[in-house]
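To keep things clear, I will list the structure first and then write my remarks on it.
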Amino acid sequence: MYGMITRFASGKIRRIVLFGMILSVLGFSVLGAISYRYLLQIEDALALAEVVDDLSSEILEIRRYEKNYLLYALEEDYLETLRYCDKALSIIERIEPREGGLIGADLKGRVTLAQLRDDLRRYKELFTSIGTQPGSNNDENDPLGVELRDQGKDLVDVVRQFVLYQRERILDIVGTLKHQLALAIGAFTGVAIFFSWLVGRRIFGALGIIEHSTRQIVQGNFKPLPLPDTSDETRGVVEAFNHMIEELERRQNQLLQEKKLASLGVLTSGIAHQLNNPLNNISTSCQILQEDLEAALPVDPALTRQMLDNIYQEVSRSRDIVKGLLEFARETEFCLKPVPLHAVVQRAVTLVSSEVPSGVRILTEIPDHIKLPLDSQRFQEVLLNLMINAIHAISPPGVISLSARSDPGSGEAVLQVTDTGAGISPEHLGRIFDPFFTLKDTGTGLGLSVVFGIIKKHGGTISVESQVGEGTTFTLHLPLGGNTSGAS
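Numbering (full-length UniProt numbering), first residue to last: 1 to 488.
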């Protein structure tokens, strides 16, 4: 039995709801049938009570005419008494529980009804015998008169008992109906509460899991939900939600890569300029060596070594520039590793330095000891976006400063990117992290939205403060992990 209930409770929600609806319909049908049955009984009892009331009236009329006859010996009183006796007997015949009798006279009422019928017949016979003996009705001590009056009193007592019984019977039926209705309502309420709890627990449990996971998604965590050990709609909802999470993560990575390519487009001209300088130096060194060889001049080993060293240094410099660009452009899986923060910041500054106009300086104050669990490539994208936005916001002269400090007490590192640009108005400040929101004539409006997502994925937060005409400061709070010691 317990196993059956367990299997039922773990079944599909729609099956449980359908079963509950069928059970409710059946329950209300049974309750309606029971109520209708008792209402029919009440109706029959009321009809019978009305007839019994008529019988009681007839008995009282019999006693009234009996008294008049015994006092005045009028023939019309005699005849009225007999007529009312016949009417009373006719009423008893109508309500006797025999074939053709009125429904409602149950087994308990048969004894009283039969006694009333027999007493009424004896009363009629006794009254008839008194009427056939002239003068006997004027004597109060006449045995027949005394017996007739006693018999009449018994008739009144019996009919009162019958009337009282019918009233009690109606009250019993009503009481039984109330009791059964109370039990049925209690049972249906219990079943309804059970089904509500069963369905609600499943639905609200799934909603709770989805709500928790939605909050994780807002924080940049795209971890799939664990599938419940059921085969109902809840599992289907969780599977669909997991599919949505995978699609969101795929699209976010795609968006990040598209934004990265857009940043590469911005950096390309500057990178070309950065590569042009070492290439010119290499070309100059090669020309000097080539001219010495063509002029058949004696080879100066020191000068030759110096030229070759210059060529090697410029090749290494070019290789580092190309390597940084390739690392930035390459699409990789999100992976947190402890890395020195100053190294990531320096690579980002190197990449963006070609875009810095004359009169704008980039200052860094990053302690060497701060190590953070970072995805270097994606965090470099954060720094590039913030610095490029700062460059666009500054009209030379101006300063972009990057500073960091660690706070072991809170377990966080705080990185601030500050510029002395035009600033952001208060009405726009709350929307700058919204996708596709931009204050520039060009651009997609996705840069800061991507930054927000990457920081959330690192388990950190980002906030902004700005004053129009004074500049903007972005503050990043990032978890230290277990790789930082000391404080700045």
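Glycine included, every Cβ here is placed at the ideal spot set by N, Cα and C. Quantities reported herein were computed from a predicted structural model and do not represent experimental measurements.
CB-CB length for residue i against residue j, believed under 8 Å
i	j	result
Tyr-78	Gly-145	With 8 Å as the limit, Tyr-78 and Gly-145 do not qualify as a contact, their Cβ atoms being about 13 Å apart.
Asn-380	Ala-348	Looking at the sequence provided, one finds Gln at residue 380 rather than Asn. 5 Å between Cβ atoms; contact.
Gln-151	Leu-116	Wrong, their Cβ atoms sit about 12 Å apart, outside the cutoff.
Arg-63	Val-156	6 Å
Ile-462	Val-451	7 Å
Ala-404	Ile-362	No, Ala-404 and Ile-362 are not in contact; Cβ-Cβ is about 14 Å, not under 8 Å.
Pro-340	Asp-368	7 Å
Cβ-Cβ distance between residue i and residue j below 8 Å
i	j	result
Gly-471	Asp-419	yes
Leu-476	Ile-454	no
Glu-355	Ile-391	yes
Leu-55	Ile-170	no
Glu-58	Ile-91	yes
Leu-478	Leu-372	yes
Val-360	Gly-398	yes
Gln-416	Thr-473	yes
Phe-334	Arg-378	yes
Leu-402	Val-464	no
Gln-166	Val-30	no
Leu-177	Ser-35	yes
Pro-396	Pro-357	yes
Ala-393	Gly-421	yes
Leu-198	Ile-22	no
Asn-310	Ser-285	yes
Ile-173	Ile-42	yes
Tyr-69	Thr-81	yes
Leu-113	Phe-162	yes
Leu-293	Met-307	no
Tyr-38	Cys-85	no
Ile-370	Ser-316	no
Length of the line joining the Cα atoms of residue i and residue j
i	j	result
Met-244	Val-322	37 Å
Asn-242	Pro-224	5 Å
Leu-279	Val-238	57 Å
Asn-281	Thr-304	15 Å
Ile-424	Gly-481	33 Å
Val-191	Gly-236	27 Å
Glu-412	Gly-200	41 Å
Ala-184	Leu-148	54 Å
Ile-388	Leu-336	24 Å
Glu-61	Leu-26	52 Å
Pro-426	Leu-386	19 Å
Gly-469	Leu-448	21 Å
Ala-240	Ser-196	25 Å
Leu-120	Lys-87	11 Å
Leu-18	Ser-24	10 Å
Pro-298	Glu-291	12 Å
Gly-186	Ser-410	56 Å
Phe-204	Phe-28	28 Å
Lys-153	Ala-182	43 Å
Ala-295	Ala-302	18 Å
Leu-40	Ala-33	11 Å
Gln-287	Asp-300	15 Å
Lys-457	Glu-246	15 Å
Arg-215	Leu-207	12 Å
Arg-251	His-428	26 Å
Pro-226	His-179	49 Å
Residues bridged to residue i [DSSP beta-bridge criterion]
i	result
Leu-372	Val-339
Gln-416	Ser-403, Thr-475
Gly-409	DSSP lists no partner for Gly-409.
Leu-82	Note: Leu-82 sits in no beta bridge, so no partner.
Gly-398	Val-360
Gln-161	Its beta-bridge partners do not exist; DSSP assigns none.
Asn-462	Inspection of the sequence shows that residue 462 is occupied by Ile rather than by Asn. DSSP output for Ile-462 lists Leu-476 as bridge partner(s).
Glu-365	Ser-403
Gln-467	Gly-471
Minimum Cβ-Cβ distance from residue i to chain B less than 8 Å
i	result
Gly-423	The structure shown contains no chain B; it is built from a single protein chain.
Any non-hydrogen atom of the ligand FAD within 7 Å of residue i CB
i	result
His-458	No copy of the ligand FAD occurs in the structure displayed, which carries no ligand at all.
Within the segment 22 to 46, ranges of the alpha helix (DSSP H) (whole runs, at least 4 residues): Those alpha helix (DSSP H) runs which fall completely within the segment 22 to 46 and span 4+ residues do not exist here.
Beta strand (DSSP E) runs contained entirely in the segment 155 to 213, provided each spans 3 or more residues: none
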